[in-house]
Amino acid sequence: MTNQTTQTAVPVAAKKPKELTKHGHTRVDDYFWLNQREDQEVIDYLNAENEYTKKVMAHTNVFQDKLFEEIKGRIKEVDQSVPYFNRGYYFYVRYEEGKEYPIYCRKKGNLEAEEEVMLNVNERAKGHDYYAVQGLSLSEDLDMLAFSVDTVGRRRYTIHFKKMGTGEIIKDTITNTNGSIAWAADNETLFYVTKDEQTLRDDTIWRHKLNRPQAEDVKVFVEEDETFGTHVFRTKSRKFLVITSYSTLSTEQRYLAANDPMGEFKMLQAREDKHEYSASHYNDKFYIVTNWQAKNFRLMVTPDTAPSKENWTEVIAHREDVMLEQIELFKDFLVVQERKDGLERLHVRSWDGSQEHYLDFGEFAYSAWTAYNPEFDTKVLRYGFNSLITPRSTFDYNMETKEKTLLKQQEVLGGYDPMQYTSERVHITARDGAQVPMSLVYKKGMKRDGSHPALLYGYGSYGINVTPDFSSARLSLLDRGFVYAIAHIRGSETMGRPWYEDGKLLKKMNTFTDFIDCGEYLVQQQYTAPERLFAMGGSAGGMLMGGVMNMRPDLFKGLIAAVPFVDVVTTMLDDSIPLTTGEYDEWGNPNEEEYYHYMLSYSPYDQVEAKEYPNLLVTTGFHDSQVQYWEPAKWVAKLRELKTDQNQLLFKIDMSAGHSGKTGRFQRFKELALEYAFMFDLLGIKE
1 MTNQTTQTAV PVAAKKPKEL TKHGHTRVDD YFWLNQREDQ EVIDYLNAEN EYTKKVMAHT
61 NVFQDKLFEE IKGRIKEVDQ SVPYFNRGYY FYVRYEEGKE YPIYCRKKGN LEAEEEVMLN
121 VNERAKGHDY YAVQGLSLSE DLDMLAFSVD TVGRRRYTIH FKKMGTGEII KDTITNTNGS
181 IAWAADNETL FYVTKDEQTL RDDTIWRHKL NRPQAEDVKV FVEEDETFGT HVFRTKSRKF
241 LVITSYSTLS TEQRYLAAND PMGEFKMLQA REDKHEYSAS HYNDKFYIVT NWQAKNFRLM
301 VTPDTAPSKE NWTEVIAHRE DVMLEQIELF KDFLVVQERK DGLERLHVRS WDGSQEHYLD
361 FGEFAYSAWT AYNPEFDTKV LRYGFNSLIT PRSTFDYNME TKEKTLLKQQ EVLGGYDPMQ
421 YTSERVHITA RDGAQVPMSL VYKKGMKRDG SHPALLYGYG SYGINVTPDF SSARLSLLDR
481 GFVYAIAHIR GSETMGRPWY EDGKLLKKMN TFTDFIDCGE YLVQQQYTAP ERLFAMGGSA
541 GGMLMGGVMN MRPDLFKGLI AAVPFVDVVT TMLDDSIPLT TGEYDEWGNP NEEEYYHYML
601 SYSPYDQVEA KEYPNLLVTT GFHDSQVQYW EPAKWVAKLR ELKTDQNQLL FKIDMSAGHS
661 GKTGRFQRFK ELALEYAFMF DLLGIKE
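1 is the number of the first residue of the sequence shown in full-length UniProt numbering; add one for each residue after it.
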C-alpha cells in the first residue's frame with residue numbers, strides 16, 4: 001500500500017503566491033490560481049490527481065467491483081413506491097431492472113386502472129452523463145406536467161412541459177431556474193424562481209403563461225437583500241400561492257389567491273431580524289410555526305384575511321425541552337412533528353380537544369417523519385420510519401382508532417436479519433460538560449476490546465440533523481466488523497435550537513471538539529482504537545473533517561472528506577461565490593475583524609501545517625455550485641506540500657458532476673465502493 005503510493009508520481013501543483021490582506025493581516029495563498037475553471041493548467045492538475053488516485057487504488061479495482069455488486073445486489077431493482085391518492089389519481093414511482101432512473105406514473109380512480117406514464121426519466125436521460133429531474137408539478141386540470149432538468153450539476157434547472165393527454169413535449173422552456181414550480185388555478189399560469197447569473201442565488205420570482213416565450217414572462221418579485229434567497233409554492237389547501245424570502249435566521253412570506261394569478265402578492269408578516277416562521281393554510285386560517293418569543297418554536301393561528309403578527313393567537317406554546325419542527329393539517333386532526341432528547345416524535349391532536357397522543361415507535365435510536373399527505377379529509381396519517389437496524393418503512397396510521405398498517409418496508413435482497421445487529425444511543429460528556437448524543441450500530445456479539453474498526457460520521461452545521469437512518473450499503477461495513485457511529489454534535493438541532501446556536505458563529509469550535517470527544521469516547525470504551533478509527537463527513541461535514549484532522553491527527557487512522565468546505569475565510573470574503581452572502585449568519589462575516597480571526601482559527605486550509613496527518617480521501621465534483629471544486633483542490637495541494645508523513649492522500653474529482661455526485665440510482669455506489677475500499681485497504685481487509 002505505502003509502496004504503491006511512493007512508486008507512483010505524486011501530483012504537484014505549481015506555487016503562485018498571492019497575498020490576501022484583510023484587517024492588517026496578510027495571508028499568502030500559493031494555490032489561489034486553482035480557481036480558474038477554464039484554465040488548462042488547472043484541468044491538467046485535476047486530471048493528474050484523478051490519475052494518481054486511479055493508480056494508487058488500482059490494486060483494489062477487483063475488490064471495488066465486488067463491493068459495488070455487493071451493495072447493488074441488496075437493492076431490489078424492480079421496485080415501486082407506495083401510491084398516494086390526490087385529486088382523483090393514485091401517484092407512484094417505479095423502477096425497472098437495469099435502469100438507473102425513476103419512472104413517474106399515475107392511475108385514475110383506482111389501482112386497477114390503466115397505468116399512465118407521466119415521465120420516464122430513463123428515456124429523457126439518454127446521452128447525458130448527468131441528468132437530474134425535480135419539481136414535477138401538474139396543472140389544476142392535471143393535464144399539463146411541468147418538470148425541471150439539470151444536465152450539468154450546477155443546480156440550474158430548465159423547466160419543460162408535457163401535455164398528458166397527447167404525451168407531447170410542448171415548445172415552452174424556461175432556463176436558469178431553481179427547479180421549483182407553482183401552478184395557479186387557471187391551468188395556464190405558473191410561477192418560478194430564477195438565479196443570479198454570478199452567485200446562483202435564488203433571487204427573482206416570475207410569472208409565465210403557457211405558449212409564450214420566456215422573454216415575455218413577468219417579474220413579480222425580486223429579493224434585493226443579498227443575504228436572502230426566495231422560493232414559491234402552493235399551499236396544501238390549494239387556495240394560495242406563497243412567496244418565501246429566507247435567510248439563515250429570518251423569514252418573510254407573501255401570498256396571493258391561486259385563482260387570481262394576475263393579482264398582487266400581499267405581505268403575510270414582514271421580515272424581522274432573527275424571526276423565522278412558516279405558514280400552512282386550512283379552513284380560512286394560516287397556521288404559523290414561529291420562533292417569535294419562542295426559541296424552540298411554537299404554533300400560532302391567524303385569519304387568512306388579516307395574517308400579520310398582531311392577529312396571531314397561540315395554539316401550542318413554547319417548550320424549553322421540545323423543538324417544534326413542522327405540522328401537518330387534517331380536517332379533524334393536527335399532527336405535530338417535534339423533537340425531544342434528540343429524537344423525533346409525532347404528536348396527534350384532535351381539533352375538538354377530545355384526544356391527543358404520541359405514536360409509539362418501540363426503538364431508542366430511530367428516525368420518523370410525516371410523509372406526503374395531500375388530502376385534508378382523512379383520518380389516516382401516512383408516515384415514515386426507520387432506524388439503524390430497521391429498513392425504511394411506510395405506514396398508514398388511523399388517528400382515531402390508533403390502528404397502524406405497514407404498507408411497505410424496504411426489501412434487502414440476499415437476506416437481512418435485524419436481530420444480528422445491535423443499535424444503541426449513548427451520551428458523551430464533552431469537555432465543557434455538554435451531553436452529546438451518539439448513535440451506534442454494530443454486529444451483535446461484538447467484543448469491546450479495541451480490536452474492531454469504526455467509522456464516525458458527523459456534520460454539525462445549519463441546524464441540520466443527521467438522523468439514525470437505515471442503510472443497506474452500510475451492511476458491507478458492519479458485516480466486516482465495523483462499528484458505525486453518528487456524532488450528533490452541536491451545530492445541529494438534535495437537542496433543540498440552543499444546540500444549534502452553541503455550534504455556530506463564535507461558538508463554532510464546539511462542533512469540532514464535540515466530534516473529537518465522541519471519537520475519544522469510542523477509543524476509551526474500547527469500541528475501537530486510533531489505528532482503526534475512521535471519520536467521514538461531506539460539505540460542511542467535510543470542513544469538520546479538515547478541522548478535526550488539524551486538531552487531532554493522532555486520533556484517526558483515516559478520514560474521508562466529501563465535497564469539503566475547507567477554504568472558509570477566502571470563500572466568505574468573496575461575495576461573488578454562490579451561497580456566500582446568505583451564510584454570514586452561519587459562520588459570521590469576515591469583513592468584521594472578530595469573525596475574520598475566529599474563522600481563521602479553524603479554517604482547515606489556513607490551518608494546514610508541517611506535521612503528520614492521517615490517511616485522507618477527498619472527493620469533489622467539478623461543477624459543484626455549493627462548494628466550489630477549488631476548495632478541496634487547494635487543500636490537497638497544500639497538504640501535499642506540507643505534510644511530513646507517508647500516509648495516503650487521494651483526491652477524486654468527478655469532472656461531470658456537482659455537489660450531489662452521480663445522478664443514477666446505482667452509479668453513486670461506485671464512489672461509495674471506492675470509499676469503503678480505501679478504508680478496507682488501510683486495514684488489510686482483502687475481501
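Cβ atoms here follow ideal geometry from the backbone N, Cα and C, with glycine treated the same way.
Can you check whether the CB of V608 is closer than 8 Å to the CB of L642? Position 642 of the sequence shown, counted from the first residue, corresponds to residue 642. Position 608 of the sequence shown, counted from the first residue, corresponds to residue 608. Yes, the pair counts as a contact, with Cβ atoms nearer than the cut-off.
Residues near M572 in its chain [Cβ-Cβ closer than 8 Å; skip 5 each side]: The residue given as residue 572 occupies position 572 in the sequence shown. If we look at M572 and ignore the five residues flanking it on each side, its Cβ neighbours are T580, E583, Y584, W587, G588, N589, P590 and M599.
Check the C-beta distance from E356 over to S350 and give it rounded, since I have them as a contact under 8 Å. If you number the sequence shown from 1, residue 356 lands on position 356. If you number the sequence shown from 1, residue 350 lands on position 350. The pair is a contact, with the Cβ atoms about 7 Å apart (cut-off 8 Å).
Start and end residues, alpha helix (DSSP H) containing R124: Within the sequence shown, residue 124 is the residue found at index 124, counting from 1. From DSSP, the alpha helix (DSSP H) with R124 extends over V121 to R124.
Quick check: the region 478 to 493 against the region 400 to 415, are there 3 or more CB pairs under 8 Å? no
The ligand FMN and Y287: does any heavy atom of the ligand fall closer than 7 Å to the residue's C-beta? The ligand FMN is not among the ligands present in this structure, which contains no ligands whatsoever.
Contacts around R319, its chain only, beta-carbon distance under 7 Å, and the 5 residues preceding and following it disregarded: Counted from its first residue, the sequence shown places residue 319 at position 319. Counting only Cβ-Cβ distances below 7 Å, and skipping sequence neighbours, we find N296.
What's the gap between the Cα of R234 and the Cα of T8? Taking the sequence shown and counting its residues from 1, the one referred to as residue 234 is at position 234. Taking the sequence shown and counting its residues from 1, the one referred to as residue 8 is at position 8. The straight-line gap from Cα to Cα measures roughly 56 Å.
Go ahead and pull the three-state DSSP assignment for P374. Locating residue 374 in the sequence shown gives position 374, counting from the first residue. Correct three-state label for P374: coil.
Helix, strand or coil, according to DSSP, for G491 in the structure here? For the purposes of this step, residue 491 is taken as residue 491 along the sequence shown, with counting starting at 1. The answer is coil: DSSP assigns G491 none of H, G, I, E or B.
Flag this pair as yes or no: are the beta carbons of A454 and V483 separated by less than 8 Å? By one-based count along the sequence shown, residue 454 stands at place 454. By one-based count along the sequence shown, residue 483 stands at place 483. Taking 8 Å as the Cβ cut-off, A454 and V483 qualify as a contacting pair.
Using C-beta distances below 6 Å, list every residue in its chain close to V618, excluding the 5 sequence neighbours before and after it, in chain order. Along the sequence shown, read from residue 1 onward, the residue named residue 618 stands at position 618. For V618, where only same-chain residues beyond five positions count, the Cβ hits under 6 Å are A561, P632, V636 and F651.
Residues of its chain near K99, where Cβ-Cβ distance is below 6 Å and the 5 sequence neighbours each way are ignored: Here residue 99 refers to the residue found at position 99 when the sequence shown is read from its first residue. So the list reads N122, once near-sequence residues are dropped.
My output table needs one value for D396: the three-state DSSP class, helix, strand or coil. For the purposes of this step, residue 396 is taken as residue 396 along the sequence shown, with counting starting at 1. Three-state DSSP puts D396 in a strand.
Using CA coordinates, which residue listed in R474, P261 and T151 is at the minimum distance from K126? The residue you call residue 126 lines up with position 126 of the sequence shown. That would be T151, whose Cα lies nearest to the Cα of K126.
Taking W630 as the reference, which of D352, K507, T175 and V42 has the closest Cα? Walking along the sequence shown from the start, residue 630 turns up at place 630. The option with the nearest alpha carbon to W630 is V42.
Which of helix, strand or coil DSSP assigns to T570: Stepping through the sequence shown from its first residue, residue 570 is reached at position 570. Here T570 sits in helix by DSSP.
Buried or exposed for N3, going by 16 or more other Cβ atoms inside 10 Å? Mapped onto the sequence shown, residue 3 falls at position 3. Model confidence at N3 stands at a pLDDT of 45, short of 50, so the residue's coordinates are unreliable; what they give is reported in the following sentence. N3 is exposed by the Cβ-count criterion.
Through-space distance from Y90 to E114, alpha-carbon basis: What you label residue 114 is simply residue 114 of the sequence shown in a count that begins at 1. What you label residue 90 is simply residue 90 of the sequence shown in a count that begins at 1. In a straight line, the C-alpha of E114 is about 11 Å away from that of Y90.
Once DSSP output is grouped into helix, strand and coil, what is the label at N3? Translated into the one-based positions of the sequence shown, residue 3 becomes position 3. Note that N3 scores a pLDDT of 45, beneath 50, so its modelled location is shaky; the value from the coordinates is reported in the next line. Note: N3 maps to helix in three-state DSSP.
Three-state secondary structure (DSSP) of D79: Residue mapping note: residue 79 aligns to position 79 of the sequence shown, counting from 1. Correct three-state label for D79: strand.
Whole-angstrom distance between F286 and P303, CA atom to CA atom: The residue given as residue 303 occupies position 303 in the sequence shown. The residue given as residue 286 occupies position 286 in the sequence shown. Cα to Cα, P303 sits roughly 6 Å from F286.
Cβ neighbour criterion (16 or more within 10 Å) applied to V568: Start at 1 with the first residue of the sequence shown, and residue 568 comes out as number 568. Buried, because 16 or more other Cβ atoms sit within 10 Å of the Cβ of V568.
Which residues mark the beginning and the end of the beta strand (DSSP E) in which F333 is found? Position 333 of the sequence shown, counting from 1, holds the residue named residue 333. Counting along the chain, the beta strand (DSSP E) containing F333 begins and ends at F333 to K340.
Exposed or buried, K447, counting other C-beta atoms within 10 Å across all chains shown (16 or more means buried)? Numbered from 1 along the sequence shown, position 447 holds the residue referred to as residue 447. Counting Cβ neighbours within 10 Å, K447 comes out exposed, since fewer than 16 surround it.
Check the C-beta distance from V548 over to A540 and give it rounded, since I have them as a contact under 8 Å. Position 548 of the sequence shown, counting from 1, holds the residue named residue 548. Position 540 of the sequence shown, counting from 1, holds the residue named residue 540. Rounded, the Cβ-Cβ distance is 13 Å, inconsistent with contact.
8 Å contact criterion, which G546 and V566 should meet: CB distance rounded: Taking the first residue of the sequence shown as position 1, residue 546 is located at position 546. Taking the first residue of the sequence shown as position 1, residue 566 is located at position 566. Between V566 and G546 the Cβ distance is about 5 Å, and since that is below 8 Å, they are a contact.
Anyone know if the C-beta pair for E493 and M267 falls short of 8 Å? Locating residue 493 in the sequence shown gives position 493, counting from the first residue. Locating residue 267 in the sequence shown gives position 267, counting from the first residue. No, they are not a contact pair.
Where do the ends of the alpha helix (DSSP H) carrying residue 688 lie? In the structure as shown, the chain starts at 1 and stops at 687, and residue 688 therefore has no counterpart that could be examined.
For the beta strand (DSSP E) holding R382, just list the boundary residues, first then last. Locating residue 382 in the sequence shown gives position 382, counting from the first residue. From DSSP, the beta strand (DSSP E) with R382 extends over V380 to S387.
Name the two residues that bound the continuous alpha helix (DSSP H) containing Y45. Stepping through the sequence shown from its first residue, residue 45 is reached at position 45. Run containing Y45: Q40 to V56, per the alpha helix (DSSP H) assignment.
If H231 sits next to D202, beta carbons under 8 Å apart, how far is it from one beta carbon to the other, in whole angstroms? Here residue 231 corresponds to residue number 231 of the sequence shown, with the count starting at 1. Here residue 202 corresponds to residue number 202 of the sequence shown, with the count starting at 1. The Cβ separation is near 6 Å, so the contact holds.
If we ignore side chains and look at the alpha-carbon of each, how far apart do R339 and Y366 end up? Stepping through the sequence shown from its first residue, residue 339 is reached at position 339. Stepping through the sequence shown from its first residue, residue 366 is reached at position 366. Roughly 12 Å between the two C-alpha positions.
Using 10 angstroms around the beta-carbon of R87, count the other beta-carbons present and answer buried if the total reaches 16, otherwise exposed. Here residue 87 corresponds to residue number 87 of the sequence shown, with the count starting at 1. R87 is exposed by the Cβ-count criterion.
What is the DSSP secondary structure of V636, counted as helix, strand or coil? Working through the sequence shown from its first residue, we reach residue 636 at position 636. Note: V636 maps to helix in three-state DSSP.
My guess is that residue 704 and E375 are in contact by the Cβ rule of under 8 Å, so how many angstroms apart are they, rounded? No information on residue 704 is available, as it lies outside the stretch 1 to 687 that the chain covers here.
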